[in-house]
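Colleague:
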Amino acid sequence: MSETLTRRPLPSLMTLSDRAAARLRALYAGAHKGELLRVSVGKRGCSGLSYEMNFVTEPEAGDDCVEDHGLVLLVDRKATLFLTGTVMDYEVKDLESGFTFVNPNEKGRCGCGESFHV
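So the sequence shown is residues -13 to 104, counted in our numbering.
The structure is reproduced here in structure tokens:
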């Protein structure tokens, strides 16, 4: 008996908001020309996991390449389980600015906002 499998589309590994794309484009054109942003997840904080970002000149073995808004960023293969479906944003507040993550896999964050758990 032959059954037809219905495949659902997989969510994007990561996407960029318009603000994150604009900020990353500016960084790539300026101080980080010729580099790529690499996103990974490390162990830190009271909830256990934290987002880490570094600029690199070339991908590490196994890095996933994400293309959005005409930009490329790298994601550590070990972080894909934690980051699938995440939207990277860029927020500007009165006293600070920086990239933030809206991650549907997060189950909670620590009180200080430094770390998360899934």
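Just so you know, even glycine gets a beta-carbon here, dropped at the ideal spot from N, CA and C. Note that the coordinates shown come from a computational prediction; the quantities given were computed from them, not determined experimentally.
Measure the beta-carbon distance from Phe68 to Leu35 and round it to whole angstroms, keeping in mind my assumption that it falls under 8 Å.
Modeller: With 8 Å as the limit, Phe68 and Leu35 qualify as a contact, their Cβ atoms being about 7 Å apart.
Colleague: Starting from Thr1, trace the beta strand (DSSP E) both ways and give me its first and last residue.
Modeller: Looking at the DSSP string, the run of the beta strand (DSSP E) that includes Thr1 is Met0 to Leu2.
Colleague: Specify, as a first and last residue, the run of the beta strand (DSSP E) that Leu57 falls within.
Modeller: Start and end: Leu57 to Val61.
Colleague: Going by beta-carbon coordinates alone, are Gly20 and Thr43 separated by less than 8 Å?
Modeller: Yes, Cβ-Cβ distance for Gly20 and Thr43 is below 8 Å.
Colleague: Reducing DSSP to helix, strand and coil, say where Leu35 ends up.
Modeller: Reduced to three states, the DSSP call for Leu35 is strand.
Colleague: Please classify Asn91 as buried or exposed, where buried requires at least 16 other C-beta atoms within 10 Å of its C-beta.
Modeller: Looking at its Cβ environment, which holds fewer than 16 other Cβ atoms inside 10 Å, Asn91 is exposed.
Colleague: Are there 16 or more other CB atoms within 10 angstroms of the CB of Arg9, so buried, or fewer, so exposed?
Modeller: Counting Cβ neighbours within 10 Å, Arg9 comes out buried, since at least 16 surround it.
Colleague: Alpha carbon to alpha carbon, what distance is there between Leu57 and Arg11?
Modeller: When rounded, the distance between both Cα atoms is 7 Å.
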